[in-house]
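Residue numbers (my numbering): 8 to 317.
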């Protein structure tokens, strides 16, 4: 018999954006009600690292026994780690504050947790971004990184069993921009990796997102995590090169378009051209600039695919 009947902890790191979080929380509880899911099966945690505690009013708006609000004294993305420390469920899913649950998504999450609770396989939720639209498996960590590529860094896809989290949380050296990715890369000896690529969530558009150097995050910080994984023998050099190539051909052109051309986002790009020289092939900057011109069509096509994924 289980010591803890809470299967799933939905852990939401947050700073401001009250209206977005209200929409997200409302979608979770509506899905639970519509699917007649007992509140005891899951918990929802908001870790707010805003000293002004604007989000504290969520306790009044969502007076459920399984809802927990914490004000956390930490900087930036480290809140993703601290949000997990408050959780008591068997499986801890990190969840972005602007990601709304689609109908039936909560049941999908709970079903997967219950199915793999015994074997404790890695569960990863890529949200249709891998263009598969279904659940698939990888038999090694290297194969898992091959198949998920740079999306292995996406916080909303990340989850970890509490048992595994508790085993590493006191001794892990966390990357301050990618603490969840640091945690993911500790799970390199699992027998199986389960990737659910169903479109479970819809994203609320946040205008003029910014606040940090996202270009540096994906030209220096994330590739450095890959480097260490190669050195440790967890992934091959070929896998790292493939992830770098996909960053160069897909992610960075889209980011460049949104920040430098469309100006939809306000991320800092200081040092971008120079930083590319560390991990990327010669001429990467000019290739990214050229490919950014095609980014609008790629973005629209991706959204269409995700919208109609079953």
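Beta carbons: idealized from backbone N, C-alpha and C, even for Gly.
7 Å Cβ cutoff, residue i in contact with chain D
i	result
residue 28	In the structure shown, chain D cannot be found, because there is only a single protein chain.
Option in the options with minimal Cα separation from residue i
i	options	result
residue 268	103, 290, 32 and 298	298
residue 278	137, 292 and 91	292
residue 111	35, 235 and 266	35
residue 229	258, 109 and 23	258
residue 105	31, 275, 207 and 71	31
residue 98	131, 270 and 83	131
residue 160	187, 76, 252 and 205	187
residue 272	216, 287, 241 and 252	216
residue 49	193, 74, 249 and 195	74
residue 181	165, 232, 152 and 150	232
residue 205	114, 45, 94 and 39	114
residue 301	51, 21 and 260	260
residue 171	202, 256, 139 and 92	92
residue 22	81, 13, 42 and 39	81
residue 191	128, 141, 251 and 207	128
residue 157	27, 140 and 185	185
Sheet register partners of residue i (DSSP bridge)
i	result
residue 99	16 and 167
residue 201	130 and 144
residue 208	108
residue 272	216
Extent of the continuous alpha helix (DSSP H) to which residue i belongs
i	result
residue 154	148-155
residue 292	291-299
residue 27	25-41
residue 281	279-286
residue 252	244-253
residue 22	Where residue 22 is concerned, there is no enclosing alpha helix (DSSP H), given that its DSSP letter is neither H nor E.
residue 263	259-263
residue 189	186-191
Buried or exposed by the 16-neighbour rule on C-beta atoms within 10 Å, applied to residue i
i	result
residue 219	exposed
residue 122	exposed
residue 245	exposed
residue 226	buried
residue 238	exposed
residue 59	exposed
residue 15	buried
residue 9	Any reading at residue 9 must be qualified, since the residue scores a pLDDT of 42, below 50, and its modelled position is unreliable; no value is offered.
residue 144	exposed
residue 174	exposed
residue 317	For residue 317, the pLDDT reaches just 49, beneath the cut-off of 50, and the residue's location in the model is therefore unreliable, leaving the point undetermined.
residue 125	exposed
residue 282	buried
residue 55	buried
residue 212	exposed
residue 20	buried
residue 166	buried
Any non-hydrogen atom of the ligand GTP closer than 6 Å to residue i Cβ
i	result
residue 177	Among the components of this structure there are no ligands whatsoever, and the ligand GTP is therefore not found.
- Hey, which unbroken runs of the alpha helix (DSSP H) at 4 residues or more fall wholly within the stretch 49-109? As far as the stretch 49-109 is concerned, its whole alpha helix (DSSP H) runs of at least 4 residues are 65-68 and 86-92.
- Query: What alpha helix (DSSP H) runs, 4 residues minimum, are completely inside the stretch 218-242?
  - Reply: Here the runs fully enclosed are 229-238.
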